[in-house]
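Protein chains in written order, with my numbering: chain A, 615 to 881; chain B, 615 to 881; chain C, 615 to 881. Here a beta-carbon is modelled for each residue, glycine too, at the ideal position from N, C-alpha and C. Input: a single structure, listed below in structure tokens.
Shown next as structure tokens:
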């Protein structure tokens with residue numbers, strides 16, 4: 615997987631919290647096995663045990679990374695149950711995660727080449743902590759993989775991934791009903807209404823309505839700068855998701871919006 | 615720019631927010647093009663769209679880095695307008711940023727060797743998102759540069775950088791009037807009064823006054839440890855800027871101080 | 615210390631605050647001297663000047679890292695006093711820190727191979743800032759060490775490290791009285807009651823009592839998943855410390871618990 619000039623890339627996405635000792639220990643564990651890995655922090659502030667949020671995050675971020683990147687995704691409320699741990703090849707990259715739905719939205723978009731159940735204990739720490747499989751099973755598996763251990767060594771193929779409940783927008787009489795799935799640092803409200811899935815919306819005629827807030831945006835813009843500062847706008851953002859924003863301001867603050875709030879798209 | 619033992623260094627300074635998917639995507643985009651780059655996070659919590667804050671940050675932090683480091687600085691409220699994107703050589707390092715003033719304070723201190731407008735689309739993603747030039751234009755330009763693409767390939771030289779309003783301290787009857795520009799994690803109040811620019815102040819006779827708070831420090835110290843815990847002190851800090859601090863405590867909390875508050879230095 | 619495929623590892627643990635310019639400058643300073651170092655952020659949000667917290671953190675995190683890792687630990691309220699700066703070899707790793715107790719708990723557990731006082735100014739920046747020895751003395755010392763400068767060059771051996779007050783649990787009539795030393799992002803309450811030090815506790819009969827909260831857990835579990843969501847449990851966690859948790863919830867929130875709160879373990 616690696617060469618002298620191309621150290622293996624391992625990214626980390628967790629709900630451990632920023633600056634957490636759990637993140638530090640996970641990094642150490644990876645580097646003990648794969649001393650030359652290049653670690654890239656993606657996110658450690660997934661809301662605790664929020665599988666859907668982490669699944670959204672890794673689907674929208676992994677795509678930017680190069681071939682053969684190994685993504686370690688640890689949001690694991692089921693640690694200690696019989697949930698499996700999987701190693702998967704999806705979109706020419708590797709993913710190591712508990713099989714609790716974290717990889718489902720990504721796998722829906724990009725058919726996995728294969729999924730394996732991580733069962734071979736010689737690649738785990740001995741014994742693994744019963745409460746921290748991220749550090750003691752998933753981290754060393756990612757590291758051994760980047761050292762060149764063949765994927766088939768980690769465990770047998772499985773035929774399916776754990777499926778998350780469908781949270782796609784649904785068609786209603788008022789229009790397409792989606793939800794806010796992420797609020798960024800600018801206060802932009804990112805929704806699950808995706809350009810590819812909702813057909814071509816006519817930019818001038820599309821109406822975006824937030825029922826709880828009682829506000830409506832008429833028309834879609836292409837970029838924030840098309841409207842004056844302070845104006846409420848709707849647009850398809852940089853990951854092709856519908857977002858509601860305030861030009862050079864915070865829509866979240868202005869509207870008191872929260873993750874989960876309903877957004878209706880009609881015309 | 616690089617050798618086997620010296621991977622190219624690319625630093626990131628943004629207002630995207632910590633743990634943001636925008637940071638993750640930007641990192642992925644860099645690594646897709648320059649697989650062996652060493653990424654160094656400087657700051658992702660610049661206040662949203664606060665160009666002056668980011669300009670202050672990069673001026674005071676880039677100086678510590680080695681020759682040929684490439685600094686990506688993305689605070690870009692004008693994305694989608696006709697503001698340019700620039701690649702500049704300043705103080706033996708490279709900078710990629712929107713030309714909105716981010717590089718002005720640095721360039722005032724260190725005359726740029728050259729500044730280029732980033733116009734050659736073959737080094738951008740195709741097509742770039744109209745709302746995320748950090749990921750789709752600036753990140754790949756930094757990465758191609760670190761791959762050895764000659765700077766002249768990215769676009770033509772320009773003769774000047776966008777200029778920020780002057781926020782230097784001004785002379786008044788009461789003394790030199792500066793402002794708090796940064797409050798650190800210890801609650802120290804860092805001002806824009808700089809040792810090199812305000813002449814030699816006599817340590818014993820200098821008086822630092824905060825009008826809004828109605829407090830005064832008499833005399834400058836050299837280090838926090840010169841005074842007992844809890845005492846309010848003024849000193850020139852590790853970046854040669856005047857700061858007001860409480861020994862082993864928080865001046866920000868004690869005084870209710872905020873960025874922008876006035877500080878008057880007299881004798 | 616390093617080879618082409620194994621870049622030197624330098625970790626950073628500080629109280630500078632996340633996204634702080636002090637962290638950025640420290641990273642730059644390291645990379646100026648050791649251009650090929652691999653920097654790993656452990657934690658920059660140690661509570662300001664909280665030596666005991668940082669000492670706990672580095673003891674529990676350094677252990678996960680590979681041989682020869684160099685850990686830079688900077689919580690330095692005594693900067694500018696006559697406190698020493700030390701370079702130590704402990705548990706086959708290197709540590710650079712002010713000698714104020716930061717390394718004491720680790721050294722209690724793993725007898726240091728040697729400790730040196732950092733006195734040789736040719737490895738410092740010239741002159742070092744009187745208020746920022748992390749950037750100007752400790753960072754370049756760590757970097758020169760990783761460049762292969764022999765440890766003995768940095769200064770003479772010293773025979774002891776500064777000792778922190780003992781904060782081990784104490785035996786009382788009610789049982790072993792410990793304290794909460796860390797609250798993680800899940801709201802789990804981590805205590806200083808350690809499996810190795812308190813003898814074998816019978817899982818079924820052990821009682822964990824929080825006097826300030828007036829709550830009691832009867833029995834120890836092995837993993838969160840042994841009890842239903844919402845239940846208050848006690849267990850030895852992934853670093854072998856007794857913790858109090860709520861299954862899939864936050865014990866900190868439920869109980870209003872804080873660092874320093876008393877926990878009594880009896881049977």
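Can you tell me which of the three DSSP states residue 806 (chain B) falls into? Secondary structure of residue 806 (chain B) (DSSP, three-state): strand.
Whose C-alpha, out of A:869, A:868, A:692, A:852, is nearest the C-alpha of residue 570 (chain B)? The structure shown does not extend to residue 570 (chain B), since chain B is modelled only from 615 through 881, so no value can be given for it.
From this set, C:765, C:658, C:665, which residue's C-alpha is nearest residue 703 (chain C)'s C-alpha? Taking residue 703 (chain C) as reference, the option from C:765, C:658, C:665 with the minimal CA-CA separation is C:765.
If we cut at 8 Å on Cβ distances, does residue 696 (chain C) have a partner in chain A? no
Do the segment 679 to 689 of chain A and the segment 784 to 794 of chain A touch if we need at least three Cβ pairs shorter than 8 Å? Cβ pair count under 8 Å is below three, so no.
Quick one: grab the DSSP three-state call for residue 676 (chain C). It is helical.
By the three-class DSSP mapping on this structure, what secondary structure does residue 818 (chain A) have? coil
Along chain A, in chain order, which residues have C-beta atoms closer than 9 Å to that of residue 654 (chain C)? 638, 641, 642, 645, 653
For residue 744 (chain C) versus residue 751 (chain C), is the C-beta spacing smaller than 8 Å? no
Out of A:793, A:804, A:838, A:640, which has the shortest C-alpha to C-alpha gap to residue 686 (chain A)? A:640
Could you check what DSSP says for residue 723 (chain A) in three-state terms: helix, strand or coil? helix
Where the segment 825 to 854 of chain B meets chain C: residues whose CB sits under 8 Å from a CB there: 836, 837, 838, 839, 840, 849, 851, 852, 853
For residue 679 (chain B) and chain A, any beta-carbon pair shorter than 8 Å? no
What does a CB cutoff of less than 6 Å around residue 625 (chain B) pick up in its chain, not counting 5 residues either side in sequence? Shown here for residue 625 (chain B): same chain residues with a beta carbon closer than 6 Å to its own, the five before and five after excluded, namely 654, 656, 685 in chain order.
For residue 684 (chain A), decide whether its Cβ has a neighbour in chain B, counting only Cβ atoms nearer than 8 Å. no
Cβ pair residue 732 (chain B), residue 768 (chain B) closer than 8 Å: Yes, the Cβ-Cβ distance between residue 732 (chain B) and residue 768 (chain B) is below 8 Å.
So, is the C-beta of residue 862 (chain A) closer than 8 Å to a C-beta in chain B? yes
Supposed close pair residue 876 (chain B), residue 791 (chain B) - CB separation, criterion 8 Å: Indeed they touch by this definition, with Cβ atoms about 6 Å apart.
Got a sec, what are the start and stop residues for the beta strand (DSSP E) residue 610 (chain B) sits in? Given a span of 615 to 881 for chain B in the structure shown, any question on residue 610 (chain B) remains unanswerable.
State yes or no: is the C-beta of residue 865 (chain C) within less than 8 Å of the C-beta of residue 815 (chain C)? no
Could you check how far apart the C-beta atoms of residue 840 (chain C) and residue 805 (chain C) are, in whole angstroms? I think they sit under 8 Å. Not a contact, Cβ separation roughly 19 Å.
Any beta carbon from chain D within less than 8 Å of residue 674 (chain B)'s own beta carbon? Given the protein chain composition of this structure (A, B and C), no chain D is represented.
Residue 663 (chain C) - DSSP class collapsed to helix/strand/coil: coil
From A:831, A:850, A:701, residue whose alpha carbon lies closest to that of residue 758 (chain A): A:701
Straight-line CA distance for residue 667 (chain A) to residue 822 (chain A)? 23 Å
On the premise that residue 683 (chain C) lies in contact with residue 623 (chain C), defined as a C-beta separation below 8 Å, what is that separation, rounded to the nearest angstrom? 4 Å
Counting only the same chain and skipping the five closest in sequence on each side, list residues whose C-beta sits under 6 Å from that of residue 714 (chain B). 665, 692, 697, 776
Measuring straight from C-alpha to C-alpha, what distance separates residue 836 (chain C) and residue 849 (chain C)? One Cα belongs to residue 836 (chain C), the other to residue 849 (chain C), and the distance between them is close to 6 Å.
Helix, strand or coil for residue 873 (chain B), going by three-state DSSP, please let me know. coil
Chain-ordered neighbours of residue 649 (chain C) on chain B, where CB pairs are closer than 7 Å: 620, 680
Does any CB atom of chain A fall closer than 8 Å to the CB of residue 792 (chain C)? no
Smallest Cα separation from residue 818 (chain B): which of B:722, B:832, B:755? B:832
Which residues of the segment 793 to 821 of chain B have a Cβ closer than 7 Å to any Cβ of chain C? Give them in chain order. So the list reads 798, 799, 800, given in the order they occur along the chain.
Under 7 Å between beta-carbons, which chain A residues line up against residue 786 (chain B)? List them in chain order, please. Residues of chain A passing the Cβ test: none, with the nearest at roughly 32 Å.
Contacting residues, own chain, Cβ-Cβ under 6 Å from residue 661 (chain B) (five flanking each side not counted): 667
If we ignore side chains and look at the alpha-carbon of each, how far apart do residue 845 (chain C) and residue 689 (chain C) end up? 37 Å
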